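Chemist:
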Amino acid sequence: MLDFVQQLVSGVALGCVYGLIALGFVLVYKATEVVNFAQGDLMMLGGFFAFTFIGMMGLNYWVGFAGAVVAMALFGMLAERIVVRPILGYPQFSIIMATIGLGYFLRSVAGMIWGTDDFKIETPFSQGVLRIGSLVLAHDKLSVIAATIILCALLWLFFNKTTLGTAMRASSENMLAAYYMGIPVKRVVSIVWAISAAVATCAGVLLAPITFIHSNVGLVLGLKAFPAAVLGGFGSIPGAVVGGVLIGVIESMAGFYLPEGWKDVAPYIVLLAVLLLKPEGLFGLHARKKV
Amino acid sequence: MRFLFKTDYEDDIRLFPHSGYVVSYGLLLAVLLIAPYVLSSYLMSQLVFVCIYATVGVALLILTGFTGQASLGHAAFLAIGAYTAAYLQKYNVPFPLYFLAAGALTGLIGALVGFPALRLQGIYLVIATISFAFIVEEILARWESVTNGNEGMRIKAVSLLGATVSRDSPTFYFLCLAVLVLTIVGTLNLLRSPTGRAFVAIRDSETAARSMGVNVALYKVKSFAISAAITGFAGVLFAHKLSFISPEMFTLQLSIEFIIVILIGGTFSLHGAVLGAIFIVMIDPFLTYLKDDMPDIIAGVAATFGAGKERAAHIQDSIATFASLNGLKGAIYGIIIMLFVLFEPLGLYGRWLKIKLFFQLFPLYKRATFKRQKIYVKSERNR
Numbered sequence: 000m001l002d003f004v005q006q007l008v009s010g011v012a013l014g015c016v017y018g019l020i021a022l023g024f025v026l027v028y029k030a031t032e033v034v035n036f037a038q039g040d041l042m043m044l045g046g047f048f049a050f051t052f053i054g055m056m057g058l059n060y061w062v063g064f065a066g067a068v069v070a071m072a073l074f075g076m077l078a079e080r081i082v083v084r085p086i087l088g089y090p091q092f093s094i095i096m097a098t099i100g101l102g103y104f105l106r107s108v109a110g111m112i113w114g115t116d117d118f119k120i121e122t123p124f125s126q127g128v129l130r131i132g133s134l135v136l137a138h139d140k141l142s143v144i145a146a147t148i149i150l151c152a153l154l155w156l157f158f159n160k161t162t163l164g165t166a167m168r169a170s171s172e173n174m175l176a177a178y179y180m181g182i183p184v185k186r187v188v189s190i191v192w193a194i195s196a197a198v199a200t201c202a203g204v205l206l207a208p209i210t211f212i213h214s215n216v217g218l219v220l221g222l223k224a225f226p227a228a229v230l231g232g233f234g235s236i237p238g239a240v241v242g243g244v245l246i247g248v249i250e251s252m253a254g255f256y257l258p259e260g261w262k263d264v265a266p267y268i269v270l271l272a273v274l275l276l277k278p279e280g281l282f283g284l285h286a287r288k289k290v
Numbered sequence: 000m001r002f003l004f005k006t007d008y009e010d011d012i013r014l015f016p017h018s019g020y021v022v023s024y025g026l027l028l029a030v031l032l033i034a035p036y037v038l039s040s041y042l043m044s045q046l047v048f049v050c051i052y053a054t055v056g057v058a059l060l061i062l063t064g065f066t067g068q069a070s071l072g073h074a075a076f077l078a079i080g081a082y083t084a085a086y087l088q089k090y091n092v093p094f095p096l097y098f099l100a101a102g103a104l105t106g107l108i109g110a111l112v113g114f115p116a117l118r119l120q121g122i123y124l125v126i127a128t129i130s131f132a133f134i135v136e137e138i139l140a141r142w143e144s145v146t147n148g149n150e151g152m153r154i155k156a157v158s159l160l161g162a163t164v165s166r167d168s169p170t171f172y173f174l175c176l177a178v179l180v181l182t183i184v185g186t187l188n189l190l191r192s193p194t195g196r197a198f199v200a201i202r203d204s205e206t207a208a209r210s211m212g213v214n215v216a217l218y219k220v221k222s223f224a225i226s227a228a229i230t231g232f233a234g235v236l237f238a239h240k241l242s243f244i245s246p247e248m249f250t251l252q253l254s255i256e257f258i259i260v261i262l263i264g265g266t267f268s269l270h271g272a273v274l275g276a277i278f279i280v281m282i283d284p285f286l287t288y289l290k291d292d293m294p295d296i297i298a299g300v301a302a303t304f305g306a307g308k309e310r311a312a313h314i315q316d317s318i319a320t321f322a323s324l325n326g327l328k329g330a331i332y333g334i335i336i337m338l339f340v341l342f343e344p345l346g347l348y349g350r351w352l353k354i355k356l357f358f359q360l361f362p363l364y365k366r367a368t369f370k371r372q373k374i375y376v377k378s379e380r381n382r
């Protein structure tokens, strides 16, 4: 029983990381119908920025964190301007390929700049553990869970209670109509990319004590975040987090209870099953087209 | 400039529209046939890989380019073909038999993948095919009694008509070339047939295709099966060329390379698949060239143009350092993909068409002919 709870908690913590990356997918998808295959690599880059600020320049953890988030937000805008804007509105396939290219590029360049070793960031949560009875919970995992809840709530408020959020939803439904209604679609898309890169950076920094930072971490975790986003239903913010947590728990449980090898494929088997039975995901809206 | 007047349907679907095609393709084939007696063995090896990649490119083109079903899981089909061949060869099954068996099995599995894919579109299909590829990769690594797990499998040389064909011999190259040519001709014929027309109809508009009486589900599964079967054939050749296969060769990276093949070549033409294959196979020799010879040459050029000896040595060093950077290949891939998507969505073949048109229309060519239109798509969620 104790094992089970322990696995559950570490699965939830891992899942929250997937959820955070999936949040990035969902944000961009919700606003622009673009699926960003480079999301994991943005996370990796954010982690490296934070490592540069904190580990190499010796800044305070929170200052470095904020600096990395701001830098990545600007980088997200830049990437949107250069890679995505010229092909906005084109078929999904072009955009998927362009973002795959961006991911390749970021991964290789990060490898060239920072090398291919593992890096670690010293965080205020690295050491402590919380004991509840004989259950041991590491602070770094709890910090991931807490941060996910906070970010999720903030984003939900942003999308549903602010004008900008409404503008984003409108431009996702029909870009041309949104443009005619006076929504600055291009700027909206830019801001969405900035937010999504910032969220990815949060994931990268929080993750640093758990999986370390190396140039391929984005690919590995990004591919795990896809099942999370699909499971929750692409385009649903709570769905992304719930999907992420489910994937994390499934992976953690499969690693503990099933023979070796199942750990890595279990998320994808679940994903295929979900796609077959309920293609719109758990929280997805099943929109009907009026003819 | 030659004008083609098409007066009936037969003219429209003719394999070679005029004698120029026969002459130019005949010349190309002649060049390819004498290539092994002229080129170095390293280049021959690369040419074999071009044939294999082009075969997979054509297969992927049938699925992605002509039926509009994106797949990032073709490395898995290649793996299934390769492993079937390696497994059957252990039991002394003759080459033609296991070659066909590999294609048939891969085609069958492709059809099985096609069924779930019926309900999926766009991004969901991409993710589903990625998942399929991951699962296959894991099965290959774990099913040790058949696949020998992570230790990989050796595969012996092809024995054809009693003779052993080593993987570096011209005969093996001819075999690969024959498979490629048969695939291309077969695909051309397929695309002229009602099946091919149905594929293109599905790509352009599923709703329209259905209302014209096309059985969308049937043709999507067919497209998956055909594409997978051809990839399976290529897998057999791939295994023989490498003579050793292991699960970590058939990763997502390889699937992406296949997509790059058709993306760079141009997603609508068979020429494109071949051009893209040449391109992707030649990146490695190019990088080697960049590392070994380029620094010397550039330093020599710099020296003749008046740069001092130290300056030239410095330039040589910095280029050599740049060329031996670890992730250079990945960065080049990334930049190339982005540049093609952004500036030349029709790929290398599109570029060729533009050059051809320029000469055909010489004083009248307008760049605006190929200008991208701004388009806005409505939400895919409501599609």
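Chain order of the listed sequences is A and B. In this text, residue positions in the first sequence follow numbering that gives the first Met the number 0: the first is 0, and each later residue adds one. In this text, residue positions in the second sequence follow numbering that gives the first Met the number 0: the first is 0, and each later residue adds one. Positions of the beta carbon are idealized from the N, C-alpha and C atoms, including for glycine. Note that the structure is predicted; figures quoted are calculated from it, not measured.
1) Go ahead and pull the three-state DSSP assignment for T383 of chain B.
2) Should G264 of chain B and L347 of chain B be called a contact, given that it needs their Cβ atoms to be closer than 7 Å?
3) Less than 7 Å between C-beta atoms, sequence neighbours within five positions excluded: which residues of the same chain meet that for T165 of chain A?
4) Would you grab the beta carbon distance between S170 of chain A and G10 of chain A for me? Rounded to a whole angstrom, and I think it's under 8 Å.
5) At a Cβ threshold of 7 Å, is G260 of chain A touching chain B?
6) Tell me the residue span of the alpha helix (DSSP H) that contains L26 of chain B.
7) Using 8 Å as the Cβ pair cut-off and three pairs as the minimum, do the stretch 59 to 77 of chain A and the stretch 194 to 206 of chain A touch?
8) For chain A, check one thing: does any of its Cβ atoms lie closer than 7 Å to the Cβ of G121 of chain B?
9) What residue range does the beta strand (DSSP E) around A367 of chain B cover?
10) With 16 other CB atoms within 10 Å as the buried threshold, where does V219 of chain A fall?
11) In terms of alpha-carbon separation, which member of A:G254, A:L271, A:F282 lies closest to P226 of chain A?
12) Less than 6 Å between C-beta atoms, sequence neighbours within five positions excluded: which residues of the same chain meet that for G110 of chain A?
13) At a CB-CB cut-off below 7 Å, which residues of chain A make contact with F133 of chain B?
14) Below 7 Å between beta carbons is the criterion; list the residues of the stretch 26 to 54 of chain A that meet it against any residue of chain B, in chain order.
15) Looking only at its chain, what residues have a beta carbon closer than 8 Å to the beta carbon of G8 of chain A, apart from the 5 residues adjacent to it on each side?
16) Rounded to the nearest angstrom, what separates L153 of chain A and L175 of chain A at their Cα positions?
17) So, A383 of chain B versus V213 of chain B, is the Cβ gap smaller than 7 Å?
18) Quick check on K289 of chain A: does DSSP put it in helix, strand or coil?
19) Beta carbons nearer than 8 Å to chain A: which residues of the stretch 93 to 125 of chain B have them?
20) Check A224 of chain A in the structure and name its three-state DSSP category.
21) Using CA coordinates, which residue listed in A:R80, A:V69, A:I95 is at the minimum distance from A69 of chain B?
22) With a floor of 3 residues, list each beta strand (DSSP E) that falls wholly inside the stretch 110 to 167 of chain A, ordered by position along the chain.
23) Work out the CA separation of L324 of chain B and F173 of chain B for me, nearest whole Å.
24) Extract the residue ranges of the beta strand (DSSP E) inside the stretch 34 to 66 of chain B, only unbroken runs of 3 or more that lie entirely within it.
25) In the DSSP assignment, find the unbroken alpha helix (DSSP H) run with P284 of chain B in it and report its ends.
26) Take N381 of chain B and list the residues in its own chain whose beta-carbon comes closer than 6 Å to its own, dropping the five residues that flank it on each side.
27) When the Cα of Q120 of chain B is compared with those of A:I249, A:L245, A:M42, A:F233, which residue comes out closest?
28) Within its chain, find whatever has a CB closer than 6 Å to the CB of L60 of chain B; leave out the 5 residues flanking it on each side and keep chain order.
29) Tell me the residue span of the alpha helix (DSSP H) that contains M252 of chain A.
30) Quick one: is I131 of chain A buried, meaning 16 or more other Cβ sit within 10 Å of its Cβ, or exposed?
31) Let's see if you can read the secondary structure: which residues bound the alpha helix (DSSP H) around M71 of chain A?
32) Bridge partners of R436 of chain B, per DSSP?
33) Can you tell me the Cβ-Cβ gap for Y123 of chain B and P278 of chain A, rounded? I've got them flagged as a contact below 8 Å.
34) Would you list the one or two residues that DSSP bridges to V212 of chain A?
35) Closer than 9 Å, Cβ to any Cβ of chain B: which residues of the stretch 102 to 117 of chain A, in chain order?
36) How about the stretch 80 to 96 of chain A and the stretch 18 to 38 of chain A: do they share at least three Cβ pairs that are nearer than 8 Å?
Modeler: Quick look at the numbers:
1) Residue 383 of chain B falls outside the range modelled here, since chain B spans only 0 to 382, and no answer is possible.
2) Less than 7 Å divides the Cβ of G264 of chain B from the Cβ of L347 of chain B.
3) Excluding the 5 residues flanking it on each side, T165 of chain A has no same chain C-beta neighbour closer than 7 Å.
4) Rounded, the Cβ-Cβ distance is 36 Å, inconsistent with contact.
5) Look at G260 of chain A: its C-beta is under 7 Å from a C-beta on chain B.
6) Element bounds for L26 of chain B: 18 to 33.
7) Yes: the two stretches touch, three or more of their Cβ pairs being nearer than 8 Å.
8) Yes, contact with chain A.
9) That residue, A367 of chain B, is in no beta strand (DSSP E); it is neither H nor E in DSSP.
10) Per the 10 Å Cβ criterion, exposed.
11) If we check each option's Cα against that of P226 of chain A, A:L271 comes out closest.
12) Once the five neighbours on either side are set aside, the close Cβ partners of G110 of chain A are S214.
13) In chain order: V264, Y267.
14) When C-beta distances to chain B are compared with 7 Å, the residues of the stretch 26 to 54 of chain A below that value are E32, V34, in chain order.
15) The residue asked about is misnamed: residue 8 of chain A is Val in this sequence, not Gly. Taken in chain order, the residues that qualify are L134, L136, K140.
16) Cα to Cα, L153 of chain A sits roughly 28 Å from L175 of chain A.
17) The structure shown has nothing for residue 383 of chain B, since chain B only spans 0 to 382.
18) With a pLDDT of 44 at K289 of chain A, under the threshold of 50, the predicted position of this residue should be treated as unreliable, though the coordinate-derived value follows. Assignment of K289 of chain A by DSSP, reduced to helix, strand and coil, places it in the coil class.
19) For the stretch 93 to 125 of chain B, the set of residues with a beta-carbon nearer than 8 Å to any beta-carbon of chain A comprises P115, R118, L119, G121, I122, Y123, V125, in chain order.
20) Three-state DSSP puts A224 of chain A in a helix.
21) Comparing Cα positions, the closest option is A:I95.
22) For the stretch 110 to 167 of chain A, whole beta strand (DSSP E) runs of length 3 or above, ordered along the chain, are 128 to 131, 134 to 137.
23) About 36 Å.
24) Listed in chain order, nothing qualifies, since the stretch 34 to 66 of chain B has no complete beta strand (DSSP E) run of 3 or more residues.
25) Per DSSP, P284 of chain B is one residue of the alpha helix (DSSP H) stretching across 269 to 291.
26) Per-residue confidence for N381 of chain B stands at a pLDDT of 45, beneath the threshold of 50, marking its modelled position as unreliable; the derived number appears in the next sentence. Nothing listed; no residue qualifies.
27) Distance from the Cα of Q120 of chain B is smallest, within the candidate group A:I249, A:L245, A:M42, A:F233, for A:F233.
28) For L60 of chain B, the CB contacts under 6 Å within the same chain, skipping 5 residues up- and downstream, are I261, A272 in chain order.
29) Counted as a single uninterrupted DSSP element, the alpha helix (DSSP H) harbouring M252 of chain A occupies residues 236 to 256.
30) Classification of I131 of chain A: exposed, given that the 10 Å Cβ count is below 16.
31) Judged by DSSP secondary structure, M71 of chain A falls within the alpha helix (DSSP H) whose first and last residues are 60 to 78.
32) The displayed coordinates of chain B run from 0 to 382. Any statement about residue 436 of chain B would go beyond what the structure contains.
33) The C-beta separation of Y123 of chain B from P278 of chain A comes to about 6 Å, placing the pair in contact by the 8 Å criterion.
34) Rather than Val, the amino acid found at residue 212 of chain A in this sequence is Ile. Beta-bridge pairing links I212 of chain A to A:F118.
35) Of all residues in the stretch 102 to 117 of chain A, G102, Y103, F104, L105, R106, S107, V108, A109, G110, M111, G114, T115 have a Cβ within less than 9 Å of some Cβ in chain B.
36) Taking 8 Å as the limit for Cβ pairs, the verdict is that the stretch 18 to 38 of chain A does touch the stretch 80 to 96 of chain A.
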